[in-house]
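One structure is given below, encoded as structure tokens.
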Amino acid sequence: MQGIKNLTQGPINRQLFNLAMPIMATSFIQMAYSLTDMAWVGRLGSEAVAAIGSVGILTWMSGSISLLNKVGSEVSVGQSIGAQNQEAARNFASHNITIALIISLCWGGLLFVFADPIIRIYELEEHITANAIQYLRIVSTGLPFVFLSAAFTGIYNAAGRSKIPFFISGTGLVLNIILDPLLIFGLGLGTNGAAYATWIAEASVFLIFVYQLRYRDALLGGFSFFTRLKKQYTRRILKLGLPVATLNTLFAFVNMFLCRTASEQGGHIGLMTFTTGGQIEAITWNTSQGFSTALSAFIAQNYAAGRIERVLKAWHTTLWMTGIFGTFCTLLFVFFGNEVFSIFVPEQAAYEAGGVFLRIDGYSQLFMMLEITMQGVFYGIGRTIPPAIISIACNYMRIPLAIVFVQMGMGVEGIWWAVCVTTVAKGLVLLSWFVIIKKKCLSIPSVTKE
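The opening position of the sequence shown corresponds to residue 1 in this note's numbering, with each subsequent residue numbered one higher.
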């Protein structure tokens, strides 16, 4: 098949590492968009950070929804490649892109129209609320670029060519880094400048993807970007991607509630601590997500080809890799939380509060990496529902736990402990689930032949 890499043969460790590194770097680049905005806006003060932080939950929710087609592409296209069915791979690619455009237009339109009532959920000061509404309306118009780029990335990952999305996303990050100080301070646009910089960078990434696929690559022998949706492909994509998108979107809804509670308990400092701390925590999340996505693409091809021994070896190898990095992040957050937080928000009250969040959250980092690594295993074999069940259940447990801890007199720290405890539970339960069903689910691959 044209423009793809065969992951069913060759050294497993090297293939996993070579596939994971660009994916992980791409994830870091996507994270760096938010961190770059946060670092520059942090120079405007904690109130400005709180404004874009409140929108950050919504952009995270948008990214969660876009996973429907990113994971849908990685698994459906990847399994079709493994089954040597090029026509199905092309059809799945076209369907994922078409669905991504439809969803992004609907979701972006909703955020633009209802920006005011959505932001007022956080009950922030009026001037912070006004800034956040303007910021949200700007970034919502760029969501089609985000969704379509996510689908393109998933297609390249499925084909084993994860370096392409890395270089394209890297170009967008460099542009964002250049534009942030220019628009925020040079043109005096403040928080809106950060939004415009991100919008321009996202649009540029989308255009480069289009150019790459149309004029540089013959990926999958060439395929149309948009197509009339057919039931057989649409159903398979929704079956694979919807549980993933749902669990991540519901996760964002939980965090909206926790953000409001943090605002009630600690004012804009409490909200800023939670949103900025979550962005910093993405260091761990994006590293594990890179390995998880690589593992998912690797397993999808080998599972479809019946190479079960390679599936198991890849799982064990990835657990070791993520375990080492998870331990490092735990030590970093627990012992150097203040120093890490102060890089992004130098205001003393802000980084001291942020240091407490990172210390508490740091205890769960290894288990977070375990959970996300196991998600990659389940996604690769086409079973996306078990991770969704566990994630949704444990994430929603954060709400009653946070309420109980706050009522016990723990204040805003009770919210941080609720996050930590449930993260530990997700990692342990998902690992146990796979160990229990491993023998049965890996015995006979069940892959669509469409």
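Note that beta-carbon positions come from the ideal geometry of N, C-alpha and C, so glycine has one too.
In the DSSP assignment, the alpha helix (DSSP H) including Ser396 goes from what residue to what residue?
According to the sequence as given, residue 396 is Tyr; it is not Ser. Here the alpha helix (DSSP H) through Tyr396 covers 385-405.
- Task: For Asn96, name the three-state secondary structure that DSSP assigns.
- Result: The answer is helix: DSSP assigns Asn96 an H, G or I state.
Worksheet item: Taking Cβ positions, are Val244 and Leu68 nearer each other than 8 Å?
Response: Against a cut-off of 8 Å, the Cβ pair of Leu68 and Val244 comes out as a contact.
Original post:
Just how far apart, CA to CA, sit Gln232 and Thr98?
Top reply: Using only the alpha carbons, I get a separation of about 15 Å.
Task: Rounded distance between the beta-carbons of Leu240 and Gly382, thought under 8 Å - done: Indeed, because the Cβ distance is near 7 Å, the residues count as touching under 8 Å.
Which term fits Phe405, buried or exposed, when burial requires 16 or more other beta carbons within 10 angstroms of its beta carbon? With 16 or more other Cβ atoms within 10 Å, it is buried.
Whole-angstrom distance between Gly78 and Glu450, CA atom to CA atom:
The pLDDT assigned to Glu450 is 40, lower than 50, so where the model puts this residue is not dependable; a value taken from the coordinates is nonetheless given after this. Approximately 13 Å between the Cα atoms of the pair.
key: Touch test, the stretch 119-133 against the stretch 71-86, Cβ-Cβ under 8 Å, three pairs minimum   = The stretch 119-133 makes no contact with the stretch 71-86; the number of CB pairs closer than 8 Å stays below 3.
- prompt: Can you tell me where the alpha helix (DSSP H) with Gly188 in it begins and where it stops?
  reply: That residue, Gly188, is in no alpha helix (DSSP H); it is neither H nor E in DSSP.
DSSP state of Arg260 mapped onto helix, strand, coil: The answer is helix: DSSP assigns Arg260 an H, G or I state.
What span of residues does the alpha helix (DSSP H) with Asp217 cover, start to end? For Asp217, there is no enclosing alpha helix (DSSP H), as DSSP marks it with neither H nor E.
Could you tell me the distance, in whole angstroms, from the CA atom of Gly427 to the CA atom of Cys394? Spanning the two alpha carbons is a distance of roughly 10 Å.
### Query
Of all the options Ala115, Arg398, Pro386, Ala151, which has the alpha carbon lying nearest to the alpha carbon of Val139?
Checked all of Ala115, Arg398, Pro386, Ala151; the closest Cα to Val139 is Ala115.
Practice prompt. May I have the straight-line CA-CA distance separating Ala302 from Arg216, to the nearest angstrom?
Written response: Here the sequence assigns Asn to residue 302, which means Ala is not the residue at that position. The straight-line gap from Cα to Cα measures roughly 28 Å.
Look at the alpha carbon of Thr317 and the alpha carbon of Arg310, and state the distance between them as a whole number of angstroms. The C-alpha of Arg310 is placed about 10 Å away from the C-alpha of Thr317.
Checklist entry - Nearest-angstrom Cα distance between Thr153 and Asn286? => result Taking the straight line from one Cα to the other gives about 15 Å.
- Task: Name the residue from Gln15, Leu219, Asn338 whose alpha carbon lies nearest to the alpha carbon of Ala349.
- Result: The candidate whose alpha carbon is nearest that of Ala349 is Asn338.
Mind checking Gln84: buried by the 16 CB within 10 Å criterion, or exposed? Of the other Cβ atoms in all chains shown, fewer than 16 fall within 10 Å of the Cβ of Gln84; this residue is therefore exposed.
Exercise for review: Counting only the same chain and skipping the five closest in sequence on each side, list residues whose C-beta sits under 6 Å from that of Trp315.
Suggested key: Same-chain partners within the cutoff: Val377.
With H, G and I counted as helix, E and B as strand and the rest as coil, what does DSSP make of Phe291? Helix at Phe291.
What are the start and end residues of the alpha helix (DSSP H) that includes Arg128? The sequence shown places Ile at residue 128, not Arg. For Ile128, the enclosing alpha helix (DSSP H) covers residues 126-140.
Using the rule of at least 16 other Cβ atoms within 10 Å of the residue's Cβ for burial, across every protein chain shown, is Thr448 buried or exposed? Bear in mind that a pLDDT of 43 at Thr448, under 50, signals an unreliable position, so the model cannot answer this.
**Message:** Between the alpha carbons of Ile155 and Ala93, how many angstroms are there, rounded?
**Reply:** Here the C-alpha atom of Ile155 lies approximately 6 Å from the C-alpha atom of Ala93.
Discussion item. Please confirm whether Ala83 has its beta-carbon closer than 8 Å to some beta-carbon of chain B.
Written reply: The structure shown has no chain B; it contains just one protein chain.
Please check the pair Thr273 and Phe344, which I expect to be a contact at CB under 8 Å, by giving their CB distance rounded to whole angstroms.
The pair is not a contact, with the Cβ atoms about 11 Å apart (cut-off 8 Å).
In terms of residue numbering, what span does the alpha helix (DSSP H) encompassing Leu370 cover?
In this chain, the alpha helix (DSSP H) harbouring Leu370 covers 365-380.
message: Classify Glu74: buried if its beta carbon has 16 or more other beta carbons within 10 angstroms, exposed otherwise.
response: Burial state of Glu74 is buried, judged by a 10 Å Cβ sphere holding 16 or more other Cβ atoms.
Q.
Taking a contact to mean a Cβ-Cβ separation below 8 Å, would you say Leu271 touches Ala262 in this structure?
A. Note that the C-beta distance between Leu271 and Ala262 is below 8 Å.
Discussion item. Here's a check: name, in chain order, each residue in its chain whose Cβ is nearer than 6 Å to the Cβ of Leu442, leaving out the five neighbours to either side.
Written reply: So the qualifying residues of the chain are Ile308.
Item to complete: Starting from Ser149, follow the alpha helix (DSSP H) in both directions and report where the run begins and ends.
Response: Judged by DSSP secondary structure, Ser149 falls within the alpha helix (DSSP H) whose first and last residues are 143-158.
With DSSP as the reference, label Arg228 as helix, strand or coil. Looking at Arg228 - three-state DSSP - the assignment turns out to be coil, as it is neither helix nor strand.
- Query: Skipping 5 residues on each side, what residues in its chain have a beta carbon closer than 8 Å to that of Leu319?
  - Reply: Leu370, Thr373.
Going by beta carbon distance, what residues of the same chain come within less than 7 Å of Met397, once the five residues before and after it are set aside? Excluding its 5 nearest sequence neighbours in each direction, Met397 has C-beta neighbours in its own chain below 7 Å: Thr422, listed in chain order.
Can you check whether the CB of Leu143 is closer than 8 Å to the CB of Ala100? No, the Cβ-Cβ distance between Ala100 and Leu143 is not below 8 Å.
request  = Would you mind sorting Ala88 into buried or exposed? The rule is 16 or more other CB atoms within 10 Å of its CB.
outcome  = Using a 10 angstroms sphere on the CB of Ala88, the tally of other CB atoms reaches 16 or more, which defines it as buried.
- [ ] Thinking Val146 and Ser62 are a contact (beta carbons under 8 Å), I'd like their distance in whole angstroms, please.
- [x] Their Cβ separation, rounded to whole angstroms, is 7 Å, which keeps Val146 and Ser62 in contact under 8 Å.
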